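Written out below as structure tokens is the structure these notes cover.
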Amino acid sequence: MPNAARTHTLVIGSGIVGACSALELVRAGHTVTLIDIGEPAGRQSASYGHGCWISPASVVPMSMPGLWKKIPGYLLNPDSPLVIRWRHVPRLLPWLLRFLWAGSSVPRVEATARALSQLLHDSPQRHQALSDELGTPELIHREGLLYAYPDRRAFEAEALSWHLRRMTGLRWRELDATALAEREPDLDRHYGFGILAEDGAHCVDPGRYVSKIVEMAAARGAKVIRAKAGGFVFAGERLVGVRTDIGLIACDQAVVAAGAWSKRLASGAGDEIPLESERGYHGVIPLKAGGPRHPVMPSDGKMANTPTLAGLRLSGQVELASIDTPPNWSRVDILIGHARRTYPALARMQELSVDKWMGHRPSTPDGLPVIGRSTRSPNVFYAFGHGHVGFASGPVTGRIVAEHLAGLPGAFDIGPYSPRRFKFGRIEP
């Protein structure tokens with residue numbers, strides 16, 4: 003492996019995965035250049051607009067046994083939490099078939115949960131340590147994450163999801179109606195049972211947090227450039243540089259952490275990855291009272307209701323369409339409508355000021371990220387496709403990138419995330 007002190011590593015993408023990768027590579031002695039088309043964790047970034055949760059419980063894949071039965075209903079119901087725009091179905095069909103196959107059996111989803119747990123089990127501690135180092139400990143709150151149900155029967159209906167969480171070591175506490183009301187007095191009394199995932203955490207300003215990570219990397223020597231990556235230049239297997247809209251940037255290694263825009267770059271490095279934009283939405287209400295005290299996910303809405311410095315962030319919805327399709331802001335209206343039913347104080351407000359956002363979760367059909375070296379060159383390393391867990395798993399992914407580019411013995415096992423698992427047009431068992 004090259005000497006890190008003389009290795010110029012270019013990181014493509016300044017969301018949390020790219021930011022943490024740049025910081026860890028600087029720590030390891032690399033000369034680092036970080037490029038992105040926009041501001042680090044700006045509004046174009048999924049790291050800006052996600053649900054703010056840092057959750058070891060997020061080991062449940064979106065594709066689960068029996069989901070195929072619900073797909074027709076999702077296609078017909080514009081208010082469902084998963085929407086597939088009709089005109090995009092033909093293009094999405096290969097991804098959808100792989101997606102359904104990945105969740106077709108309990109052993110498959112158990113394997114996915116174990117792989118996700120490797121990235122998530124200590125994520126709150128990693129974020130707390132990083133925020134302390136940044137000098138912004140107030141941005142990470144470790145008060146647990148609350149799942150609200152109408153009753154115990156509704157909780158038991160999700161037995162497989164909670165089996166996966168228990169299997170991967172999640173600890174939780176059950177709350178009866180009285181305990182739930184004491185913890186969240188503004189929650190509608192329709193909810194009479196809760197699960198408190200005590201180890202969970204959340205970030206109250208994700209955009210600022212990620213920008214601070216980039217600032218620290220820059221203060222320690224990383225060069226941050228506004229540029230759009232267009233492809234790679236090789237000499238045999240050796241990477242020579244990355245083509246950008248401001249010219250060729252020479253480098254010895256490159257890390258692809260460009261989120262939903264990574265697919266084209268991976269193709270240029272020899273790998274056809276079934277990556278799609280799983281479009282997510284949020285609405286932020288500048289609410290001082292009448293909402294949750296802690297992050298809450300109502301079981302009948304499947305949305306994260308999270309108090310942040312900007313107000314109450316309502317996030318969720320999964321919309322499958324092309325990456326360049328204009329936003330459908332009715333998705334935010336659905337979030338707002340559900341929040342009004344969840345918090346009576348909101349229902350009494352005639353006018354709500356809402357900051358609306360739409361972004362792109364980079365999603366693979368099996369729910370696991372793509373982490374590993376490219377087929378074309380060992381000097382191109384992938385770190386993208388984290389779907390719903392990118393923010394939570396950012397710090398550990400950055401560490402993985404630095405360890406593997408250094409060729410450290412005993413480095414994190416990245417076998418489950420290999421880009422080669424999609425070879426021959428199928429997901430390997």
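My numbering applies: residue 3 is where the sequence shown begins, and numbers increase by one. Backbone N, C-alpha and C define an ideal beta-carbon position, used for all residues, glycine too. Predicted model, so just to flag it, every value in this text is computed and none were measured.
C-alpha gap between residue i and residue j, whole angstroms
i: residue 97; j: residue 71; result: 17 Å
i: residue 271; j: residue 377; result: 7 Å
i: residue 41; j: residue 227; result: 9 Å
i: residue 402; j: residue 352; result: 49 Å
i: residue 336; j: residue 74; result: 20 Å
i: residue 202; j: residue 236; result: 43 Å
i: residue 309; j: residue 239; result: 49 Å
i: residue 133; j: residue 92; result: 44 Å
i: residue 275; j: residue 108; result: 24 Å
i: residue 22; j: residue 160; result: 34 Å
i: residue 138; j: residue 397; result: 15 Å
i: residue 1; j: residue 418; result: What is shown of the chain runs 3 to 431, which leaves residue 1 out entirely.
i: residue 382; j: residue 405; result: 14 Å
i: residue 194; j: residue 50; result: 33 Å
i: residue 8; j: residue 327; result: 43 Å
i: residue 3; j: residue 361; result: Its pLDDT being 45, under 50, residue 3 is placed unreliably in this model, and the value from its coordinates should be taken loosely. Cα-Cα distance, rounded: 37 Å.
i: residue 266; j: residue 385; result: 14 Å
i: residue 186; j: residue 296; result: 8 Å
i: residue 388; j: residue 155; result: 32 Å
i: residue 99; j: residue 291; result: 44 Å
Continuous alpha helix (DSSP H) stretch holding residue i: start and end
i: residue 102; result: 91–104
i: residue 252; result: Unbroken run through residue 252 is the beta strand (DSSP E), 249–252; no alpha helix (DSSP H).
i: residue 66; result: It is not in any alpha helix (DSSP H) - residue 66 carries neither H nor E in the DSSP assignment.
i: residue 204; result: From DSSP, residue 204 is part of no alpha helix (DSSP H) but of the beta strand (DSSP E) over 203–205.
i: residue 133; result: 125–136
i: residue 268; result: 264–270
i: residue 405; result: 396–407
i: residue 120; result: 108–122
i: residue 347; result: 346–349
i: residue 419; result: Looking at the DSSP string, residue 419 is not in any alpha helix (DSSP H), and its letter there is neither H nor E.
Sequence-distant residues of its chain with Cβ nearer than 6 Å to residue i (five each side left out)
i: residue 2; result: Past the boundaries of the shown model lies residue 2; the chain is included only from 3 to 431, so the question cannot be answered.
i: residue 349; result: 342
i: residue 95; result: none
i: residue 85; result: 321
i: residue 354; result: 287
i: residue 121; result: 395 and 398
i: residue 375; result: 383
i: residue 36; result: 13, 16, 24, 224 and 226
i: residue 18; result: 49, 212, 393 and 396
Close-in-space but distant-in-sequence residues of the same chain around residue i (CB under 7 Å, 5 per side omitted)
i: residue 83; result: 304, 318, 319 and 320
i: residue 213; result: 42 and 43
i: residue 105; result: 63, 65, 66, 67, 69 and 111
i: residue 242; result: 235, 236 and 252
i: residue 198; result: 146, 148, 174, 175 and 177
i: residue 331; result: 358
i: residue 192; result: 152
i: residue 248; result: 229
Residue i - partner residues in DSSP beta bridges
i: residue 358; result: 285
i: residue 374; result: 384
i: residue 36; result: 13 and 226
i: residue 313; result: 310
i: residue 143; result: 204
i: residue 320; result: 84
Cβ neighbours of residue i in the same chain (closer than 8 Å, five flanking residues each side left out)
i: residue 189; result: 150, 182, 183, 294, 298, 344 and 345
i: residue 112; result: 166 and 169
i: residue 356; result: 285, 286, 287, 334 and 338
Exposed unless 16 or more other CB atoms sit within 10 angstroms - verdict on residue i
i: residue 366; result: buried
i: residue 208; result: buried
i: residue 68; result: exposed
i: residue 371; result: buried
i: residue 324; result: exposed
i: residue 126; result: buried
i: residue 180; result: exposed
i: residue 415; result: exposed
i: residue 79; result: exposed
i: residue 128; result: buried
i: residue 411; result: exposed
i: residue 158; result: exposed
i: residue 311; result: exposed
i: residue 261; result: buried
Beta strand (DSSP E) segment containing residue i, residue limits
i: residue 167; result: Not the beta strand (DSSP E): residue 167 falls in the alpha helix (DSSP H), residues 161–169.
i: residue 237; result: 231–237
i: residue 197; result: 195–199
i: residue 149; result: 147–151
i: residue 176; result: 175–177
i: residue 240; result: 240–246
i: residue 300; result: 298–300
i: residue 86; result: 84–86
i: residue 256; result: 255–258
Proximity test, residue i beta-carbon vs the ligand ADP heavy atom, cut-off 6 Å
i: residue 104; result: Annotation note on the ligand ADP: not contained in the displayed structure, which lists no ligands.
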